[in-house]
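Residue numbers (the numbering used here), protein chains in the order written: chain F, 13 to 95; chain G, 7 to 215.
C-beta atoms are modelled at their ideal positions from N, C-alpha and C, and glycine is treated no differently.
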Amino acid sequence: MIDTEAFSCQELVELVTDYLEGALSPGDLRRFEEHIALCDACTEYLRQLRVTIRAVGAITPDDLSPEAEAELLEVFASWRATV
Amino acid sequence: VERSDAQLVEALRSGDEETFRMLVREWHAPLLRVAQIFVPSRAIAEEVVQETWLRVLGALDRFEGRSSLKTWVFRILANTAKTRAQREGRVIPFSSLQDPARVPEAAVDADRFLPDDHAQHPGAWSSPPPELPEERLLASETRSRIAAAIDELPANQRAVIMLRDVQGWDSDEVCNALDITEVNQRVLLHRARAKVRNALEDYLSVENQ
Chain F
13 MIDTEAFSCQ
23 ELVELVTDYL
33 EGALSPGDLR
43 RFEEHIALCD
53 ACTEYLRQLR
63 VTIRAVGAIT
73 PDDLSPEAEA
83 ELLEVFASWR
93 ATV
Chain G
7 VERSDAQLVE
17 ALRSGDEETF
27 RMLVREWHAP
37 LLRVAQIFVP
47 SRAIAEEVVQ
57 ETWLRVLGAL
67 DRFEGRSSLK
77 TWVFRILANT
87 AKTRAQREGR
97 VIPFSSLQDP
107 ARVPEAAVDA
117 DRFLPDDHAQ
127 HPGAWSSPPP
137 ELPEERLLAS
147 ETRSRIAAAI
157 DELPANQRAV
167 IMLRDVQGWD
177 SDEVCNALDI
187 TEVNQRVLLH
197 RARAKVRNAL
207 EDYLSVENQ
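Here it is in structure tokens:
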């Protein structure tokens with residue numbers, strides 16, 4: 013049986029973010045989950061994306077250097093002096 | 007204790023340095039990232055952030071609370087950065103934020119899939135993702151590779167992945183700060199995350215050989 017509605021793997025990888033963001037239509041969500049249920053490679057891809065998101069969350073944002081903070085506090089002090 | 011925007015603005019207007027310091031610390035990294043969408047260097051982005059704070063302080067009386075304080079500050083930042091970019095003679099690619107879908111980019115290279123005219127399985131994986139152990143993906147030595155992959159992204163994708171996945175903002179906050187639609191935000195996030203995953207696959211599979 014050919015299910016003309018089914019997503020290919022290539023289509024599915026482009027929908028992963030919409031899936032994770034809860035932005036798929038009910039029909040697309042059903043097709044997405046049906047594909048994932050039967051496809052080990054796409055299940056692995058989705059798992060890797062989820063772990064990647066966690067790993068990205070573990071990096072540290074640019075810290076504010078003490079010099080930059082001091083400069084900004086000077087901006088504040090000079091503004092305060094004018095009001 | 008979370009303070010309301012009105013309380014924060016009132017504290018700033020009364021000259022409370024601690025409130026200013028707190029906001030500067032909380033928003034510095036995202037302000038820099040967003041400025042870097044528009045201006046060519048980190049050094050200029052730092053200047054744009056400084057100028058933004060000066061404008062914010064000067065305009066406090068005009069903050070009406072129609073948007074959140076955060077959104078308001080990031081709008082002022084974007085305007086400041088655009089003006090500065092023009093002064094630097096830099097053409098801002100309008101499409102880069104408003105219409106990221108104009109140049110389609112695949113999350114995974116097309117040659118990793120069977121061709122569309124394949125008899126049995128068009129578009130199925132021909133070269134499926136190798137297993138990447140979770141502990142390797144999350145290992146601390148992998149972090150520098152992730153940071154490098156993010157640095158290589160176009161500035162708009164970099165800003166979105168930093169705000170969403172590093173700073174932990176929700177999609178509404180990012181859309182408001184960057185003044186982009188939900189759809190564009192998702193496209194940028196999708197490309198950014200896919201590229202970071204690809205970089206990790208390359209990094210971890212080369213290492214396993």
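**Message:** Check whether chain F comes within 9 Å of G/D171, counting only Cβ atoms and requiring the distance to be less than that.
**Reply:** Yes, contact with chain F.
**Request:** Please confirm if F/S37 has its CB atom under 9 Å from at least one CB of chain G.
**Result:** no
**Three-state secondary structure assigned by DSSP to G/F119** = Judged by DSSP in its simplified three-state form, G/F119 adopts strand.
**Prompt:** If you scan the segment 35-78 of chain G from start to end, which runs of the alpha helix (DSSP H) of 4 or more residues do you find wholly inside it?
**Reply:** Complete alpha helix (DSSP H) runs here, min 4: 48-65.
**Prompt:** Is the Cβ of F/I48 closer than 9 Å to any Cβ of chain G?
**Reply:** No, its Cβ sits nowhere closer than 9 Å to a Cβ of chain G.
**Prompt:** Any Cβ of chain F within less than 9 Å of the Cβ of G/L195?
**Reply:** Yes, G/L195 counts as interfacial toward chain F.
**Asked** So what does G/W175 bridge to, in DSSP terms?
**Response** Its beta-bridge partners do not exist; DSSP assigns none.
**Asked** Taking only beta-carbon atoms, is G/L14 less than 9 Å away from chain F?
**Response** Chain F, which has no Cβ nearer than 9 Å to the Cβ of G/L14, makes this no.
**Request:** Measure from the alpha carbon of F/S20 to the alpha carbon of each residue in G/R81, G/R9, G/R118, G/D22, then state which is nearest.
**Result:** G/R118
**Request:** Quick one: using the 10 Å Cβ neighbour count with 16 as the cut-off for buried, is G/P110 buried or exposed?
**Result:** exposed
**Asked** Looking at G/L38 and G/A51, is the spacing between their C-beta atoms short of 9 Å?
**Response** yes
**Message:** Restricting to runs no shorter than 3 residues, where is the beta strand (DSSP E) found entirely within the segment 114-165 of chain G?
**Reply:** none
**Request:** Look at G/L194 and G/I167 and say whether their C-beta atoms are less than 9 Å apart.
**Result:** yes
**Message:** Given this structure, state the Cα-to-Cα distance separating F/R62 from G/R68, to the nearest angstrom.
**Reply:** Put simply, the backbone Cα of F/R62 is about 42 Å away from that of G/R68.
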